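Those sequence lines, one after another, are chains A, B, C and D. Under our numbering, the residues of the first sequence are numbered 204 to 509, in order. Under our numbering, the residues of the second sequence are numbered 204 to 509, in order. Under our numbering, the residues of the third sequence are numbered 204 to 509, in order. Under our numbering, the residues of the fourth sequence are numbered 204 to 509, in order. Built from N, CA and C at the ideal position, the CB exists for glycine as well. The structure presented is a predicted model; accordingly, all values stated were derived computationally and were not measured.
4 protein chains.
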Amino acid sequence: MAAMQTRVIKQKGKHPYTFGPGHKVLARVRPGEVVTIVTKDCFENRLNSPEDLCTQKCVFPFLNPQTGPLFVEGAKPGDTLVVKIHEIQPDRDFAVTSLIPGFGALTHGAILNPAIPEDTKIMPIRNGEVVFSERIRLPYKPFVGTIGVAPEIESINTLTPGYWGGNMDCVETCPGHEVHFPVFVDGAHFFVGDAHATQGDGEISGCAAEMPARVTVSFEVIKGKKITWPRIVSDECLMVAGSARPLEDAARIAWRELIRWMVDDYGFTEKDAYYLLGQVGQMRVGNMVDPAYTMVAKIQKKYLKP
Amino acid sequence: MAAMQTRVIKQKGKHPYTFGPGHKVLARVRPGEVVTIVTKDCFENRLNSPEDLCTQKCVFPFLNPQTGPLFVEGAKPGDTLVVKIHEIQPDRDFAVTSLIPGFGALTHGAILNPAIPEDTKIMPIRNGEVVFSERIRLPYKPFVGTIGVAPEIESINTLTPGYWGGNMDCVETCPGHEVHFPVFVDGAHFFVGDAHATQGDGEISGCAAEMPARVTVSFEVIKGKKITWPRIVSDECLMVAGSARPLEDAARIAWRELIRWMVDDYGFTEKDAYYLLGQVGQMRVGNMVDPAYTMVAKIQKKYLKP
Amino acid sequence: MAAMQTRVIKQKGKHPYTFGPGHKVLARVRPGEVVTIVTKDCFENRLNSPEDLCTQKCVFPFLNPQTGPLFVEGAKPGDTLVVKIHEIQPDRDFAVTSLIPGFGALTHGAILNPAIPEDTKIMPIRNGEVVFSERIRLPYKPFVGTIGVAPEIESINTLTPGYWGGNMDCVETCPGHEVHFPVFVDGAHFFVGDAHATQGDGEISGCAAEMPARVTVSFEVIKGKKITWPRIVSDECLMVAGSARPLEDAARIAWRELIRWMVDDYGFTEKDAYYLLGQVGQMRVGNMVDPAYTMVAKIQKKYLKP
Amino acid sequence: MAAMQTRVIKQKGKHPYTFGPGHKVLARVRPGEVVTIVTKDCFENRLNSPEDLCTQKCVFPFLNPQTGPLFVEGAKPGDTLVVKIHEIQPDRDFAVTSLIPGFGALTHGAILNPAIPEDTKIMPIRNGEVVFSERIRLPYKPFVGTIGVAPEIESINTLTPGYWGGNMDCVETCPGHEVHFPVFVDGAHFFVGDAHATQGDGEISGCAAEMPARVTVSFEVIKGKKITWPRIVSDECLMVAGSARPLEDAARIAWRELIRWMVDDYGFTEKDAYYLLGQVGQMRVGNMVDPAYTMVAKIQKKYLKP
């Protein structure tokens with residue numbers, strides 16, 4: 204894949220900071236065409252040393268810049284957009300992570316306690332590893348933290364995930380997987396950004412191993428197929444990513460949609476799907492730090508024999 | 204292990220329905236002694252056909268009977284009790300699961316909607332598999348849904364998990380793993396029950412593949428080591444099981460205690476532990492149906508090199 | 204007031220369904236000028252008999268139409284917009300309420316239970332009362348359920364409340380009270396709609412006594428005063444309206460901002476403000492049915508003597 | 204009332220720290236008999252100056268001592284116990300409140316932030332007022348923060364509220380109001396303590412104006428009437444107190460039970476009760492700091508005309 208000749212798409216001018224229908228189209232792509240999208244990291248590549256602090260270098264809400272929107276030919280409201288993620292290459296030789304006051308799973312934005320000190324950590328990416336410290340090396344397992352389409356009438360900041368995708372921070376939006384989105388506007392208006400070299404479940408310290416990247420994808424359109432929340436397909440699993448607060452409501456959204464999928468496409472009764480997921484369903488926390496939390500509900504395809 | 208001669212401990216008289224200090228000791232065990240504890244399923248073995256409905260055969264709060272308490276010699280308040288789970292054998296040739304009105308992740312107990320119909324499903328256990336249907340077979344992956352010790356002054360119903368363990372419904376309390384509990388009373392007063400032949404993350408339909416079982420365990424006591432929430436150790440991971448509502452608060456408890464563990468026993472700073480868990484920490488939902496939800500926070504031991 | 208001659212502002216063309224900066228300005232108003240804004244009800248006045256059902260007459264997300272945006276002369280980003288609500292007159296002789304499947308405090312949108320049947324209820328407004336039934340009359344206590352300004356870059360659907368105001372469904376945004384909003388864009392871009400003839404705390408059945416209305420307001424601008432969440436001032440109280448899920452996070456936002464207000468404008472220490480609110484603070488639930496819940500934190504002005 | 208001669212009931216020996224069936228009966232009372240119960244404050248009267256800190260003077264879980272249990276003659280499982288609160292007199296000339304690390308609405312117990320400093324504040328009770336400071340006087344509005352009965356098999360710490368009552372910290376359990384509890388054990392086993400001279404909604408700083416008190420009550424038993432959660436009756440309102448987390452689940456419990464009450468005793472249909480509460484129902488936050496939060500749902504009696 205790495206040697207593949209693909210069209211490279213870079214942002215022109217300012218990156219979008221919202222998922223919405225109002226942005227000028229950056230590029231038009233045909234179903235089946237493989238393109239490489241150049242993305243910035245969530246800090247717009249502004250944190251390059253431990254001295255660079257997020258609250259000094261970035262200004263809310265101008266965080267988490269996306270590249271897009273891409274207009275996918277033939278995608279119409281009521282269709283499903285399939286995004287195949289082929290490859291994610293770092294576009295810099297290090298990843299960065301940080302502690303931001305009032306942000307993260309082990310703090311809270313509306314308390315009276317003194318803040319945890321702000322901090323920035325640089326982690327070289329080297330030999331297929333992310334160098335956490337002299338002794339701790341993490342495997343390079345890239346994915347895109349933010350990916351999605353334009354809602355019909357809303358424009359949502361890029362820090363928030365929801366029915367349109369967005370900042371799900373879910374490790375399953377990675378090379379080899381397909382991500383399906385409902386299409387709300389003509390051309391779908393696809394956005395992507397916020398690549399991560401690796402991330403733990405929940406992204407609990409608030410940020411992953413953030414990096415600019417080259418994200419190689421292609422698109423398909425399933426005409427007339429209407430879905431409600433982002434779906435992910437791997438070789439082994441069907442998944443749905445629900446986003447809400449509290450975390451159990453994100454999970455309920457994901458499970459409810461997965462049952463709908465099993466009923467509509469695989470012939471299960473609701474009862475049997477529910478029973479089966481109770482015994483073999485899997486869950487994976489995307490993020491539990493963003494304005495909405497993301498929970499992925501999964502089932503292995505081998506069980507889809509009603 | 205299966206052929207091992209171990210002392211078999213059966214309940215005498217009524218099973219306890221609470222984790223508390225007030226129950227008469229069932230047996231005394233020495234650290235290192237391997238014992239096999241005979242447990243009933245969460246329905247007290249009363250559901251044996253699809254016609255047996257939970258609300259007709261069982262009476263709240265007399266659900267989820269435990270076997271115990273076992274008095275562990277030498278365990279004193281302020282110590283840590285280590286429970287090594289060696290083996291879980293089904294004590295019946297089928298598992299049972301059910302849909303109970305108002306209970307489960309995709310319903311709610313305080314709504315005005317009509318209930319989902321009550322239902323009972325029998326699943327034979329055969330050849331290392333749980334027979335979900337003619338075509339769907341699930342691997343036999345047993346664990347105990349409920350396991351823990353007596354709180355200091357409280358007696359909590361066996362449907363609820365918390366700092367004492369209890370009904371965590373967490374797949375990690377399985378053969379090969381060690382479970383650590385804080386000791387609150389002399390002898391720890393250990394209880395176990397609610398074995399599951401298999402279960403999905405979150406136990407979302409409300410019940411797992413419930414079975415009576417023979418649970419083979421041994422105990423150790425770590426003198427003077429004070430922990431706050433149940434910990435689990437596998438060959439590969441350290442884990443903490445936090446229980447609360449909403450699910451993110453269960454997670455916060457688990458992560459906070461895991462950081463404490465990494466700081467106290469492995470020399471991490473809080474900041475480095477937090478950063479590291481943000482990149483490689485894992486989460487697993489125990490249950491999201493019981494009176495408190497359970498979330499397991501994990502880290503692989505290979506990363507414990509501060 | 205009723206006899207006052209004021210400029211009447213009606214929507215031209217389609218009503219906005221989002222709070223956002225992209226709408227064409229409907230009217231320009233000067234600080235101090237009293238204007239009467241004509242609003243439609245949340246169903247766009249389409250439910251006029253028990254036979255008119257929401258899911259048949261309305262199409263999501265085209266619900267809860269607003270009137271606006273009004274450009275307030277002199278309001279700049281970083282200022283505070285003060286909206287004085289003088290009067291709310293019904294623009295029809297009945298209010299309407301409804302039960303919508305999957306919406307309301309005693310149901311849930313992601314469950315497997317059968318839905319509560321959809322229903323529409325007409326309630327005449329007569330002699331200062333809302334006629335619930337032959338025997339039950341409710342006092343006419345009008346307020347606007349949705350009121351706010353444009354966010355800086357986002358456009359949020361009108362069913363959701365947040366830092367910009369929006370669908371707070373809070374009974375305190377009523378005649379006689381002042382509502383303060385942060386200004387994010389030039390002219391503030393003020394929107395209002397969704398008038399209610401009366402409503403219970405939390406709007407638990409999903410809808411209030413919905414009515415089209417004539418809403419008489421005037422504006423002031425506090426130059427250079429930056430606030431973070433909507434504030435409300437009555438003769439007796441200071442209030443903040445926080446919106447989030449779960450409800451306690453909405454409350455935390457409101458309390459945190461109220462303490463900031465007490466510290467900045469009244470000279471309290473954070474500790475004394477916290478202590479005092481613990482003894483005399485009041486809470487009022489706005490809504491607990493919308494995509495974000497709203498909680499109002501209050502303190503009576505008579506206690507503001509640090 | 205103050206001059207009334209009543210039997211005075213004081214604890215003998217240690218106060219109970221749990222609501223449970225295992226405590227030795229302190230006194231037997233007949234329905235209709237007026238008794239005065241002597242209670243300690245939640246700190247067992249150990250904080251008497253700003254230098255007395257909770258974490259130094261008290262040891263968890265030995266907090267919030269109750270007086271009881273009182274055996275109410277004739278109360279049997281399945282009955283309802285009615286507690287009429289006649290009067291609450293301070294048993295000391297000051298109230299005390301405190302900030303306890305990790306406890307309170309604007310902090311969290313499982314975060315990494317430094318704690319808010321522990322603090323104790325003494326507030327004289329004088330001339331019908333609680334003296335917050337030289338200039339700020341709060342009205343003396345006493346109620347009991349903790350009141351309830353023994354569960355059937357559980358023993359729950361006195362910091363937690365639930366279906367048995369307990370630490371609801373709800374200002375409606377005050378003189379002039381009746382509180383109804385389900386009876387689970389023979390004699391009901393009534394406990395009371397944790398009197399407050401005043402308190403804000405939610406008790407957000409963690410503690411109210413805590414005081415030892417003399418609580419004058421009498422009891423009635425409604426034979427064969429089975430309720431599920433504590434109910435409160437004032438001259439003007441019917442109320443239900445639900446306790447859970449998150450706060451909206453506490454609210455759902457309360458509203459669901461209030462609808463049941465309106466249907467069973469006042470002839471409403473579920474639909475009409477739901478509609479009516481949507482328009483005139485009221486909510487009051489009891490606590491949002493304890494292990495379960497408490498929300499009170501209310502309706503004014505004047506509307507109970509189906």
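Original post:
Residues of chain D with a CB under 7 Å from the CB of A/LEU525: which are they?
Top reply: Because residue 525 of chain A is not part of the residues shown, which for chain A are 204 to 509, the question remains open.
**OP:** Count the C-beta pairs between the region 300-313 of chain B and the region 433-451 of chain B that are closer than 8 Å, then say yes if the count reaches three, no if not.
**Re:** no
**OP:** Using the DSSP secondary-structure output, state which residues sit across from D/VAL347 in a beta bridge.
**Re:** In the fourth sequence, counting from the first residue as 1, residue 347 of chain D sits at position 144. Per DSSP, D/ALA398.
Original post:
chain B partners of C/PRO449, CB-CB under 7 Å?
Top reply: Reading the third sequence from its first residue, position 246 is the one you call residue 449 of chain C. By Cβ distance, chain B contributes PRO449.
Original post:
At least one CB of chain C closer than 7 Å to the CB of A/ASN360: is that the case?
Top reply: If you number the first sequence from 1, residue 360 of chain A lands on position 157. Yes, its Cβ sits closer than 7 Å to a Cβ of chain C.
Subject >> chain C residues whose Cβ lies nearer than 7 Å to that of D/LEU341 >> reply: Here residue 341 of chain D corresponds to residue number 138 of the fourth sequence, with the count starting at 1. In chain order: GLN482, VAL483.
**OP:** Out of D/LEU229, D/THR349, D/ILE356, point me to the one whose CA is closest to D/SER446's CA.
**Re:** Taking the first residue of the fourth sequence as position 1, residue 446 of chain D is located at position 243. Among D/LEU229, D/THR349, D/ILE356, the Cα nearest to that of D/SER446 belongs to D/THR349.
Subject >> In DSSP terms, what D/ILE288 is bridged to >> reply: For the purposes of this step, residue 288 of chain D is taken as the residue at position 85 of the fourth sequence. Note: D/ILE288 sits in a beta bridge opposite D/VAL420.
**OP:** Spatial neighbours of A/THR431 within its chain, please: CB distance less than 8 Å, with the 5 preceding and 5 following residues excluded, ordered by chain position.
**Re:** Your numbering for residue 431 of chain A matches position 228 in the first sequence. So the qualifying residues of the chain are TYR366, PRO385, GLU460, ARG463.
**OP:** Starting from D/ILE425, follow its DSSP beta bridges and name the residues at the other end.
**Re:** As a working note, residue 425 of chain D is residue 222 in the fourth sequence. Bridge partners of D/ILE425: D/THR283.
**OP:** Indicate, with yes or no, if the ligand SAM has a heavy atom lying under 6 Å from the CB of D/THR363.
**Re:** Only the bare structure without any ligand can be found here, which leaves the ligand SAM out of the picture.
**OP:** Would you tell me roughly how many angstroms separate the C-alpha atoms of B/MET442 and A/PHE471, rounded to the nearest one?
**Re:** Stepping through the second sequence from its first residue, residue 442 of chain B is reached at position 239. Stepping through the first sequence from its first residue, residue 471 of chain A is reached at position 268. About 35 Å.
Original post:
Who are the neighbours of B/GLY459 on chain D, taking C-beta pairs under 9 Å?
Top reply: Within the second sequence, residue 459 of chain B is the residue found at index 256, counting from 1. Before going further, note that residue 459 of chain B is Arg rather than Gly in the sequence given. Within chain D, the residues near B/ARG459 are GLY312, ALA313, ILE314, LEU315.
Original post:
Along chain C, in chain order, which residues have C-beta atoms closer than 9 Å to that of D/CYS373?
Top reply: As a position in the fourth sequence, residue 373 of chain D is number 170, starting the count at 1. Under the 9 Å cutoff, chain C gives no residues; its nearest Cβ is about 12 Å from D/CYS373.
**OP:** Report the rounded CA-to-CA distance for A/LYS243 versus A/GLY396, giving the unit in angstroms.
**Re:** The residue you call residue 243 of chain A lines up with position 40 of the first sequence. The residue you call residue 396 of chain A lines up with position 193 of the first sequence. Spanning the two alpha carbons is a distance of roughly 7 Å.
Original post:
Any idea if D/ARG329 is buried or exposed, counting beta-carbon neighbours within 10 angstroms, 16 or more meaning buried?
Top reply: Numbered from 1 along the fourth sequence, position 126 holds the residue referred to as residue 329 of chain D. Answer is exposed; the Cβ neighbour count stays below 16.
**OP:** Could you run through the region 258-273 of chain B and flag, in chain order, every residue whose CB is less than 9 Å away from some CB of chain D?
**Re:** Here the close residues are PRO264, PHE265.
Subject >> DSSP three-state assignment for B/MET204, whether helix, strand or coil >> reply: By 1-based counting over the second sequence, the position of residue 204 of chain B is 1. Summary for B/MET204: the model assigns pLDDT 45, below 50, so the residue's position carries little reliability; its value from the coordinates is reported in the next sentence. Coil, per DSSP.
Original post:
Using a Cβ-Cβ distance under 7 Å, would A/ILE356 count as near chain G?
Top reply: No chain G appears in the structure shown, which is made up of the protein chains A, B, C and D.
**OP:** Please decide whether B/ASP404 counts as near chain A, where near means a Cβ-Cβ distance under 7 Å.
**Re:** One-based indexing of the second sequence puts residue 404 of chain B at position 201. By this cut-off, B/ASP404 is an interface position.
Original post:
Closest by CA to B/ALA353, which one among B/GLY331, B/GLY368, B/GLY427, B/LYS508?
Top reply: Indexing the second sequence from 1 puts residue 353 of chain B at position 150. When each option's Cα is compared against that of B/ALA353, the closest is B/GLY368.
**OP:** Name, please, each residue of chain C whose Cβ falls closer than 8 Å to the Cβ of D/ILE430.
**Re:** Counting from one through the fourth sequence, the residue named residue 430 of chain D turns up at place 227. Ordered by position in chain C, no residue passes the 8 Å Cβ test against D/ILE430, which lies about 18 Å from the chain.
**OP:** Closer than 7 Å by C-beta to A/ALA298: which residues in its own chain qualify, once you throw out the five before and the five after it? Chain order, please.
**Re:** Taking the first sequence and counting its residues from 1, the one referred to as residue 298 of chain A is at position 95. Only MET326, ILE328, VAL333, ALA400, ALA412, GLU413, MET414 meet the Cβ criterion.
**OP:** With 7 Å as the threshold, decide whether the Cβ of C/PRO386 is near any Cβ in chain D.
**Re:** Within the third sequence, the letter at position 183 stands for residue 386 of chain C. For the sequence presented, residue 386 of chain C should be read as Val rather than Pro. So, not an interface residue.
Subject >> Straight-line gap, A/ASP438 to A/GLY484 (C-alpha atoms, nearest Å) >> reply: As a first step, residue 438 of chain A is located in the first sequence; it is residue number 235 there, counting from the start. As a first step, residue 484 of chain A is located in the first sequence; it is residue number 281 there, counting from the start. Rounded to whole angstroms, A/ASP438 to A/GLY484 spans 16 Å at the Cα level.
Subject >> Short CB-CB distance (under 7 Å) between D/ILE407 and chain B >> reply: As a position in the fourth sequence, residue 407 of chain D is number 204, starting the count at 1. At a cut-off of 7 Å, the C-beta of D/ILE407 has no neighbouring C-beta in chain B.
Original post:
Which same chain residues, not among the five before or five after D/ILE407, have their C-beta less than 6 Å away from its C-beta?
Top reply: The residue you call residue 407 of chain D lines up with position 204 of the fourth sequence. Annotation for D/ILE407: ALA308 place their beta carbon closer than 6 Å to its own, counting only its chain and skipping 5 residues before and after.
**OP:** Indicate the three-state DSSP secondary structure (helix, strand or coil) for B/MET465 in the structure shown.
**Re:** Taking the first residue of the second sequence as position 1, residue 465 of chain B is located at position 262. Helix at B/MET465.
Original post:
Is any beta-carbon of chain A found at less than 7 Å from that of B/ALA398?
Top reply: By 1-based counting over the second sequence, the position of residue 398 of chain B is 195. No, no contact with chain A.
Original post:
At least one CB of chain B closer than 7 Å to the CB of A/LYS508: is that the case?
Top reply: Sequence index remark: in the first sequence, residue 508 of chain A carries index 305 (1-based). Yes, A/LYS508 counts as interfacial toward chain B.
Subject >> Status (buried if at least 16 other CB within 10 Å, exposed otherwise) for C/VAL285 >> reply: The count along the third sequence starts at 1 and reaches residue 285 of chain C at position 82. With 16 or more neighbouring CB atoms inside 10 Å of its own CB, C/VAL285 falls in the buried class.
Subject >> Proximal residues of chain C, C-beta to C-beta of A/GLU473 below 8 Å >> reply: Position 270 of the first sequence, counting from 1, holds the residue named residue 473 of chain A. What A/GLU473 touches in chain C: LEU315.
Original post:
Near D/GLN503, which residues of its chain fall below 6 Å by C-beta distance, leaving aside the five closest residues on each side in sequence?
Top reply: Here residue 503 of chain D refers to the residue found at position 300 of the fourth sequence. Excluding sequence neighbours, D/GLN503 sits near GLU439, CYS440.
**OP:** List the residues of chain D that C/LEU479 touches, going by C-beta distances under 9 Å, in chain order.
**Re:** Working through the third sequence from its first residue, we reach residue 479 of chain C at position 276. Going along chain D in sequence order, the residues near C/LEU479 (Cβ under 9 Å) are PHE335, SER336, ILE339, LEU341, GLY403, SER408.
Original post:
Since B/VAL237 sits in a beta bridge, which residues does DSSP pair it with?
Top reply: Here residue 237 of chain B corresponds to residue number 34 of the second sequence, with the count starting at 1. In DSSP, B/VAL237 forms a bridge with B/SER421.
Original post:
B/ARG210: which of B/VAL238, B/GLU247, B/ASN267, B/VAL499 sits nearest, CA to CA?
Top reply: Taking the second sequence and counting its residues from 1, the one referred to as residue 210 of chain B is at position 7. When only C-alpha atoms are compared, the closest one is B/VAL238.
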